[in-house]
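Counting the sequence shown from 1 gives a position; this note's numbering is that position plus 71.
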Amino acid sequence: MHYVATSTLLESALDRQLQRDSGMPHAYYQILAMLSEVPNRTLRMSDLAAVTQSSQSRLSHAVSRLERNGWVQRMPCADDRRSTLAHLTEAGFTALAAAAPGHVRTVREHLFDKLTCEQVGQLRAILSTVLSGLAEEGGPVPMPGVAARQDAPA
Numbered sequence: 072m073h074y075v076a077t078s079t080l081l082e083s084a085l086d087r088q089l090q091r092d093s094g095m096p097h098a099y100y101q102i103l104a105m106l107s108e109v110p111n112r113t114l115r116m117s118d119l120a121a122v123t124q125s126s127q128s129r130l131s132h133a134v135s136r137l138e139r140n141g142w143v144q145r146m147p148c149a150d151d152r153r154s155t156l157a158h159l160t161e162a163g164f165t166a167l168a169a170a171a172p173g174h175v176r177t178v179r180e181h182l183f184d185k186l187t188c189e190q191v192g193q194l195r196a197i198l199s200t201v202l203s204g205l206a207e208e209g210g211p212v213p214m215p216g217v218a219a220r221q222d223a224p225a
C-alpha cells in the first residue's frame, strides 16, 4: 500500500511542478528526456513507446502535441517504410533543458532530501533488483539504449 500511495503522490507532484513551471505534463517531459539521451536524438515510435511505457495510441497523441509545440518532429524511417521516427528538435531540447532544473529540484525535494545517504543506497539496490527481475521477464526497460534500436539517420 505504501508503494502505491508514494508512487501516485510523487508522480502527481512531478506533474504539477512541470505543468506549473514549464507548461508540460510529466509524460511529455519523459518523452523529451528519452529522445535527448539517444544518438541523433531520434527513436522509432515503437521503441519510444516501449521505453516510456506508453501505448502506441497514447504516444502518438503526445507526439502530435509535442510536434505542434515544435519540440518533436516525425520522420519516415529510411530502413523500414512501415516505421516512423520521432526526433527531438533544437526547440524541444531547449524546452527540456529549461524544465530540467525545476524537475530535478522537485525530485530531490520529494524523494532524496527525505532520505539519508544510506537509505538512498538501499533504495538504489532495491530498485535495481526489481528492475532486473522485470527485465528478465521480458518487459521493456525504460532506459535509452536498452529497448531502443538506434538506426536513425545521421
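Glycine included, C-beta positions come from ideal geometry on N, C-alpha and C.
message: Quick check on the DSSP output: what are the complete alpha helix (DSSP H) runs of length 4 or more inside the region 82 to 167, in order along the chain?
response: Counting whole runs of 4 or more residues, the region 82 to 167 contains the alpha helix (DSSP H) stretches 97 to 107, 116 to 122 and 127 to 139.
- prompt: Among Y74, M146, P96 and S78, which residue has its Cα nearest to the Cα of P171?
  reply: It should be noted that the sequence gives Ala, not Pro, for residue 171. Nearest of Y74, M146, P96 and S78 to A171, Cα basis: P96.
message: Please tell me whether A167 and S107 are closer than 8 angstroms, where the distance is taken between their beta carbons.
response: In the sequence as presented, Ala is not what sits at residue 167; that position holds Leu. With contacts defined as CB atoms closer than 8 angstroms, L167 and S107 qualify as a contacting pair.
field: Neighbour-count burial assignment, H174, 16 or more Cβ in a 10 Å radius
entry: buried
task: Check each candidate in S199, Q101 and R129 and name the one with the smallest Cα separation from L89.
output: Q101
Contact between the region 137 to 150 and the region 192 to 210 (3+ Cβ pairs under 8 angstroms): no
- prompt: Just the Cα atoms here: how many angstroms apart are G163 and A121?
  reply: Straight-line spacing of the CA atoms in G163 and A121 works out to 20 angstroms.
query: Can you tell me whether DSSP reads T79 as helix, strand or coil?
result: helix
task: Evaluate R115 with the Cβ neighbour count: other Cβ atoms within 10 Å of its Cβ, from every protein chain shown; 16 or more gives buried, anything less gives exposed.
output: buried
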